[in-house]
Amino acid sequence: MGSVLVGTLLNPLNSSMIAVALLSLGRSFGVSIATATWLVSGFYLGGAIGMPLMGRLADLFGPRRIFSLGLVLVGLTGAAAPLAPSFGWLLAIRVAQAFGTATAYPAGLAIMRAQDRRDRPPVAALGALAVAASVSAALGPILGGSLIALAGWPAIFLVNVPITALGLVLTRVWLPPDPAERYGSGVASERRGALRSLDIPGVVLFSVFLTSLLGFLLSLSGRRLWQLLILAVPAAILLLWRERRVGAPFLDLRLLAANRSLVGVYVQFAAVNLVFYSVFFGLPLWLEETRRLAPETVGLILLPVAGVGVLATPVAGRLIARSGPRPALIAGASLLLGGSLLLLFFGPSTPLAVLLLVGAVLGVPNGFNNLGLQAVLYRAAPAAQIGAAGGLFQTFRYLGATLSTVTIGLVFGSGASSEGLHTLALVIAAVSLLLVLTSVWARREPAVAQRD
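In the working numbering, the protein residues as written are 5 to 456.
Structural data, given as structure tokens:
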């Protein structure tokens with residue numbers, strides 16, 4: 005279990021440490037804020053593609069083997085990042101890092117499932133994974149800021165080397181080998197057949213569509229790259245055509261077409277993450293550039309944004325158990341709206357205590373919205389398709405986070421000024437208002453999906 009916990013914290017840790025490093029990375033490579041945010045977009049794009057793929061590979065080749073390969077990849081990319089000769093190389097390394105971290109959660113679940121002989125879910129183990137992920141995400145900006153203060157931005161990549169080394173040692177010592185009867189050479193032909201069934205064309209089309217669309221949207225603040233939009237449109241059409249016809253699609257669009265309640269859940273989840281990550285990645289840029297605060301100080305200010313949601317989750321759980329998910333979602337969206345509007349009053353002389361308080365207001369909804377939408381997802385998804393529904397749920401989280409970087413790149417294109425922060429506040433306040441209205445108008449008790 006210890007090695008799985010170490011692997012699980014790598015994804016949230018690396019996705020949150022970068023929040024306090026974007027400004028220094030941009031200056032180091034001579035790129036704009038909009039370009040620097042590609043380090044965030046690329047990571048989430050890699051995660052959106054890598055997590056379902058790596059989960060499938062873990063099923064085919066053995067979770068321990070794939071888990072170990074993921075740790076090796078994260079360690080190698082961590083060592084290689086400081087040697088990147090250009091921003092493009094660093095971006096490629098960052099995407100590869102995302103693929104490495106994407107192995108931990110699906111392979112870790114498979115490892116726990118293989119070791120657990122009981123019929124019921126290992127609640128304590130799953131809870132430990134959730135806590136590890138939440139705590140590492142909350143502490144990521146603090147750790148990142150401290151490492152940057154000590155050794156510059158390369159340190160946030162190099163820290164992965166000892167962590168992955170520890171994970172590999174624990175894996176070697178504590179985790180039993182993958183069963184030979186299931187993953188040995190005798191089933192190689194079955195694996196080759198299963199590999200051929202992977203929807204690689206769907207993965208490629210999804211990657212081309214999303215990358216082209218993001219590139220075009222980020223170009224709106226400068227010279228518009230219309231050729232990227234021209235590339236994105238046919239990629240989207242081909243993706244829709246293929247995913248509706250292939251037997252095991254990368255994106256199960258038929259599931260969405262058959263269940264409009266799920267579509268609403270996914271759109272809400274993407275919107276929630278757009279707002280959250282716009283604050284999580286946008287606020288540090290403003291604090292460092294306009295307020296001239298050190299990265300380690302910025303990391304401390306971000307702690308309430310990421311950490312208070314962890315404390316709010318048990319409260320949200322009790323509310324949902326008593327009254328259903330609707331009140332929790334209304335409360336979460338309302339707090340997002342209030343916190344977004346409070347950002348309009350931020351300026352060069354705003355006291356640090358106020359920054360921390362508003363950060364806490366914006367952090368609380370994370371627990372309410374995440375748990376509330378997961379409860380709605382469980383009710384809305386048919387039992388036979390809960391796995392596919394859960395995979396799409398995480399994909400929309402990545403999409404929302406990726407769209408937040410587009411928003412930040414557009415409003416901070418010429419610098420992370422107070423005016424840009426206020427524009428960002430208005431954008432996310434508008435999204436939050438839509439979330440409030442959607443939650444208020446939702447049915448009081450969503451119909452429970454038939455479980456047969």
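We put the CB at the ideal spot given by N, CA and C, even for glycine.
Quick caveat, the model's predicted, so the values are computed rather than measured.
Residue i by DSSP, collapsed to three states: which one?
i    : result
V312 : helix
F280 : helix
G251 : coil
N263 : coil
P238 : helix
P352 : coil
F416 : coil
T442 : helix
S150 : helix
R122 : In this prediction, R122 scores a pLDDT of 48, lower than 50, which makes its location untrustworthy; the coordinate-derived value is nonetheless stated afterwards. The answer is coil: DSSP assigns R122 none of H, G, I, E or B.
P158 : helix
V35  : coil
R227 : coil
P301 : The amino acid occupying residue 301 in the given sequence is Thr; Pro does not appear at that position. Helix at T301.
R295 : coil
L29  : helix
P110 : helix
S408 : helix
T41  : coil
A357 : helix
A1   : Nothing about residue 1 can be reported from this structure: the residues present for the chain run from 5 to 456 only.
V10  : helix
Among residues of its own chain, excluding the 5 on either side of residue i, which ones have a beta-carbon nearer than 7 Å to its beta-carbon?
i    : result
S443 : R330, L333, I334, A337
G219 : L229, L232
L221 : V410
G395 : P56
L151 : A159, I160, V163
L214 : L49
I146 : G303, L304, L307
L339 : V365, V368, P369
A137 : T12, L13, P16
Let me make sure I understand the geometry here. Which of the options has the alpha-carbon closest to that of residue i?
i    : options                : result
T175 : N164, S72, E247, T81   : S72
T409 : A85, A393, V431        : V431
N18  : S90, G30, L224, G104   : G104
T411 : G363, G286, L347       : G286
G328 : A405, L291, F213, R383 : R383
N15  : I115, A141, S7         : A141
L29  : W157, A83, Y109, L80   : W157
P67  : L428, L179, V35, A393  : L179
Y281 : T406, F91, L87         : T406
T427 : S138, R31, F349, V208  : F349
L202 : A153, G171, F254       : F254
V99  : V35, V44, W290         : V44
A153 : V177, V135, E292       : E292
D39  : L87, F91, F47          : At residue 39 the sequence reads Thr, which differs from the Asp that was named. Nearest option by C-alpha distance: F91.
L360 : V435, F284, N373       : F284
L172 : A446, I70, L87, V440   : I70
V207 : T399, L438, L439       : T399
Skipping 5 residues on each side, what residues in its chain have a beta carbon closer than 6 Å to that of residue i?
i    : result
T41  : T409, I412, G413
V267 : L260
S265 : A384
P288 : A23, V24, V302
N277 : R401, G404, A405
P125 : Any reading at P125 must be qualified, since the residue scores a pLDDT of 47, below 50, and its modelled position is unreliable; the value itself is stated next. There are no such residues.
F397 : L381
Going along the chain, which residues of its own chain have a beta-carbon closer than 8 Å to the beta-carbon of residue i, five neighbours each way excluded?
i    : result
G82  : Q101, F161, L162, V163, N164, V165, T168
L356 : I305
L94  : L29, F33, L43, A85, A88
Using a Cβ distance threshold of 8 Å, determine whether the region 375-387 contacts the region 266-276, with at least three qualifying pairs required. Segments in contact, yes.
Hey, is the region 307-314 in contact with the region 241-253, meaning 3+ C-beta pairs nearer than 8 Å? no
Determine contact between the region 41-56 and the region 154-173, defined as no fewer than three beta-carbon pairs at a distance below 8 Å. no
Give, in chain order, every unbroken run of the alpha helix (DSSP H) that is at least 4 residues long and sits entirely within the region 54-104. 67-84
With three or more C-beta pairs closer than 8 Å as the rule, is the region 68-88 touching the region 10-30? Result yes; three or more Cβ-Cβ pairs closer than 8 Å.
Are three or more beta carbon pairs between the region 340-350 and the region 235-244 nearer than 8 Å? no
I'd like to know if the region 316-325 and the region 56-68 are in contact, where contact means that at least 3 CB-CB pairs between them fall below 8 Å. no
Do the region 251-259 and the region 18-38 make contact, defined as three or more Cβ pairs closer than 8 Å? no
Check whether the region 413-425 and the region 358-371 are in contact - that is, three or more C-beta pairs closer than 8 Å. no
contact_flag[the region 421-430, the region 298-306] where n(CB pairs < 8 Å) is 3 or more: no
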